[in-house]
Each structure stands twice: as C-alpha cells, then as structure tokens.
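Asks: In our numbering, the protein residues as written are 53 to 317. Each residue gets a CB set at the ideal place from its N, CA and C atoms; glycine is no exception. There's a structure below that I have some questions on.
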Ligand SMILES: Nc1ncnc2c1ncn2[C@@H]1O[C@H](COP(=O)(O)OP(=O)(O)OP(=O)(O)O)[C@@H](O)[C@H]1O
Ligand SMILES: [Mg+2]
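Printed below as a string of structure tokens:
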C-alpha cells in the first residue's frame, strides 16, 4: 500500500450517518460528527451512550453497519485498523494498552519503528547495529520527557501507576506520529493532581504538536478546560451539539445527565 503523504496540517475527521447494532441492540443510530482540526472535540453523555463504540468505528476496530468516515476528505470506512493508524489516527483505549513487561523506554522505542521494522529479530539487529540507534534513543527519551516520564524510563510498564500508564500510552501515540488522537476517558480514575497534569498535556499537544483531539470524558472539569466543541450523546444518538455554553448550559442536557449518572455538569 502506498504510504499516505506527510502533512503538517492538523487533520479533520468527519463521520456521516453512522449506524451500528450488536445483535438486535442498536448502539448507534445515524450519528453525524466532525472532529475539528487543531482543536479538542469532546464527546460526553451517560454510560452506554455509544461513545466508545463510535471511537472503535473511527479507528476501524469495529465496522459500521451503515455510514461513512472521512479523514481529510478521504474515505477510510473500509480500511483496516493498521492502515488507519498509519494515516496518523491513534487511540488511547478506555482500558489503556501498553506493554507491561517492556521497560517504559522500550514501549516508546517500539512505537518509533516503522511497520517494515516490526519483526523482533530485525528490531534487535537494528537497535544494536544501526547508526540510527542513537537517534532512536534520543527521540524515545524526548517523548518521555514531553509527557513527564523520563525519570521512569527503566521501569517496567506494569510498574507504573494507572495515570502514568495513560501518559505512556500517549507518548507511544506521539512517537508513532499520530496527528489525530482519540482519547477515551484520559482522566478516569486519576487523582486530582494527575488529572491536572493530563489536562495540561492535552492543551500542550494542541498548542505545540498541532494535533487534533477527540476526547471522551465524564469529568466536566476536563471538558470545561479543553473542549472547543461538544457532542452530547444519549442512547446511540447525538442529543445535542455545539459550543460549551450551548451544550453544558442546556437545561435538558443537565437534567438528562444528572438523572442518568447522578452527577452534575
Ligand atoms: N461488543 C459489544 N457487544 C454487545 N454490546 C455492546 C458491545 N460493545 C458495546 N455494546 C453496548 O453498546 C452500548 C454502547 O456502549 P459504549 O461502550 O459505546 O458506551 P459508552 O458511551 O462508551 O459508555 P461508558 O461511558 O460507560 O464508557 C452499551 O449498551 C454496550 O453494552
Ligand atoms: Mg466508553
């Protein structure tokens, strides 16, 4: 497959009429969304609204029954997850996925390898003998510094706290040159201090990496600090969308969210 061209522009992703059922249960019904270039687009709504299902469809991990996904105007609906990842779309999973038995440093270094380098044998040979080994080392360390994990480089991934594992997963996405980051509940189960760090990191990635970010969050502190545009989802549909004021001050949204989750917005 031809490699997609490099671009410095933050990407825009559009999904139209997305419908998805699991057996007789309809998880998404005719959902239209836009992830805005160079901004944080937030997806909020009660448990089971279909937010994670939507992300899995955008990254090719699930197939929609109907609808279309376009990245920078190119249809990607039928592509495999690895092809979509190669086009610069990366996801932080709700359950966070890193290599627990590799060091923190090797987690990031592995993400730097191009798909052609993916066999373990060629990777080891490459790391030992290549003149580029130093550059790979420096680049991996620079991503760890960027997310604040340089001091933990030699630890095993599994030794990190849950919050640190999320930072590591984001460092891997950046090392992989992801330009559109889909972050599924990045602040869930984090302490207030770690939540603050995550919010600051997301802001920084928008400002100096010029990425586009789609953010699923239940934490309204994070949504208020970050969102340029909000989709409020409910029972597989977009109940309402717009600016923060338009969505979060909407009495129907507040009532619905509080009634279903017991939390205030
Ligand atoms: N693989 C699956 N098989 C059957 N049902 C599924 C599957 N994945 C998701 N669902 C159902 O689809 C609905 C939407 O789930 P989804 O995980 O997208 O919700 P969510 O908005 O991300 O919720 P939360 O905020 O709790 O993470 C839920 O009712 C869920 O049980
Ligand atoms: Mg979810």
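1. Consult DSSP for residue 229 and reduce its assignment to one of helix, strand or coil.
2. Tell me, which residues are paired with residue 91 by DSSP?
3. Can you list, in chain order, the residues of its chain with a C-beta nearer than 8 Å to that of residue 117? Leave out the 5 residues immediately preceding and following it.
4. Which residues mark the beginning and the end of the beta strand (DSSP E) in which residue 261 is found?
5. Report buried or exposed for residue 204, applying the criterion of at least 16 other Cβ atoms within 10 angstroms of its Cβ.
6. Quick one: residues in its chain with C-beta nearer than 6 Å to the C-beta of residue 273, no 5 flanking neighbours on either side, listed in chain order?
7. To the nearest angstrom, report how far apart residue 160 and residue 304 are at their CA atoms.
8. Please write down, chain order preserved, every residue whose beta carbon lies under 7 Å from a heavy atom of ligand 2.
9. If you count every other CB in all the chains shown that lies within 10 Å of the CB of residue 214, and 16 or more means buried, which is it?
10. What three-state label does DSSP hand residue 108 in the structure shown?
11. Kindly give me the distance between the Cβ atoms of residue 123 and residue 139, rounded to whole angstroms, as I take these residues to be in contact under 8 Å.
12. Whose CA, out of 212, 113, 281 and 143, lies closest to the CA of residue 299?
13. Do residue 77 and ligand 1 come close, with the Cβ less than 7 Å from some heavy atom?
14. On the CB-based measure, 16 or more other CB atoms within 10 Å of its CB, does residue 218 come out buried or exposed?
15. Alpha carbon to alpha carbon, how far is residue 192 from residue 104? Give it in angstroms, no decimals.
16. Buried or exposed, going by whether 16 or more other CB atoms sit within 10 Å of the CB of residue 249?
17. Give me the Cα-Cα distance between residue 4 and residue 271, rounded to the nearest whole angstrom.
18. Measure the CB-CB distance between residue 62 and residue 264 and report whether it falls below 8 Å.
19. Buried or exposed for residue 258, going by 16 or more other Cβ atoms inside 10 Å?
20. Starting from residue 291, follow the beta strand (DSSP E) in both directions and report where the run begins and ends.
21. Our contact map puts residue 144 next to residue 222 with C-beta atoms below 8 Å; I'd like the distance itself, whole angstroms only.
22. Where do the N-terminal and C-terminal ends of the alpha helix (DSSP H) with residue 121 fall, by residue?
23. Mapping the DSSP letters down to three states, classify residue 212 as helix, strand or coil.
24. Could you check if residue 127 is buried or exposed, using at least 16 other CB atoms within 10 Å of its CB as the buried criterion?
25. If residue 251 sits next to residue 278, beta carbons under 8 Å apart, how far is it from one beta carbon to the other, in whole angstroms?
26. In three-state DSSP terms, what is residue 302?
Replies: Once the coordinates are examined:
1. If you number the chain shown from 1, residue 229 lands on position 177. Three-state DSSP puts residue 229 in coil, outside helix and strand.
2. Here residue 91 refers to the residue found at position 39 of the chain shown. BP columns for residue 91 are empty, so no partner.
3. As a working note, residue 117 is residue 65 in the chain shown. Correct list, in chain order: 71, 72 and 73.
4. For the purposes of this step, residue 261 is identified with residue 209 of the chain shown, where counting begins at 1. Per DSSP, residue 261 belongs to no beta strand (DSSP E) and is neither H nor E.
5. Along the chain shown, read from residue 1 onward, the residue named residue 204 stands at position 152. That one is buried.
6. Looking up residue 273 in the chain shown gives position 221. Correct list: empty, nothing qualifies.
7. Against the chain shown, residue 160 aligns to sequence position 108. Against the chain shown, residue 304 aligns to sequence position 252. Cα-Cα distance, rounded: 44 Å.
8. 103, 104, 146, 236, 237 and 268
9. Counting from 1 along the chain shown, the entry for residue 214 is found at position 162. Burial call: exposed.
10. To locate residue 108, count along the chain shown from 1; it is residue 56. Residue 108: helix per DSSP, three-state reduction.
11. Locating residue 123 in the chain shown gives position 71, counting from the first residue. Locating residue 139 in the chain shown gives position 87, counting from the first residue. Correct: roughly 6 Å between the Cβ atoms.
12. Stepping through the chain shown from its first residue, residue 299 is reached at position 247. Residue 299 has its Cα closest to that of 281, out of 212, 113, 281 and 143.
13. The residue given as residue 77 occupies position 25 in the chain shown. Yes.
14. For the purposes of this step, residue 218 is taken as residue 166 along the chain shown, with counting starting at 1. Flag for residue 218 reads buried.
15. Counting from 1 along the chain shown, the entry for residue 104 is found at position 52. Counting from 1 along the chain shown, the entry for residue 192 is found at position 140. Roughly 29 Å separates the two Cα atoms.
16. Within the chain shown, the letter at position 197 stands for residue 249. Looking at its Cβ environment, which holds 16 or more other Cβ atoms inside 10 Å, residue 249 is buried.
17. Outside the modelled stretch of the chain, which goes from 53 to 317, sits residue 4, for which no answer is possible.
18. One-based indexing of the chain shown puts residue 62 at position 10. One-based indexing of the chain shown puts residue 264 at position 212. Result yes, Cβ atoms of residue 62 and residue 264 sit closer than 8 Å.
19. Counting from one through the chain shown, the residue named residue 258 turns up at place 206. The residue is buried, with at least 16 neighbouring Cβ atoms inside 10 Å.
20. To locate residue 291, count along the chain shown from 1; it is residue 239. Where residue 291 is concerned, the enclosing beta strand (DSSP E) stretches over 289-294.
21. Position 92 of the chain shown, counting from 1, holds the residue named residue 144. Position 170 of the chain shown, counting from 1, holds the residue named residue 222. The Cβ separation is near 6 Å, so the contact holds.
22. In the chain shown, counting from the first residue as 1, residue 121 sits at position 69. No alpha helix (DSSP H) contains residue 121, which is instead part of the beta strand (DSSP E) from 118-123.
23. Here the question's residue 212 lines up with position 160 in the chain shown. Correct three-state label for residue 212: coil.
24. Residue mapping note: residue 127 aligns to position 75 of the chain shown, counting from 1. Residue 127 should be labelled exposed.
25. The count along the chain shown starts at 1 and reaches residue 251 at position 199. The count along the chain shown starts at 1 and reaches residue 278 at position 226. That belief holds up - the Cβ atoms of residue 251 and residue 278 are roughly 6 Å apart, short of 8 Å.
26. Taking the first residue of the chain shown as position 1, residue 302 is located at position 250. Here residue 302 sits in coil by DSSP.
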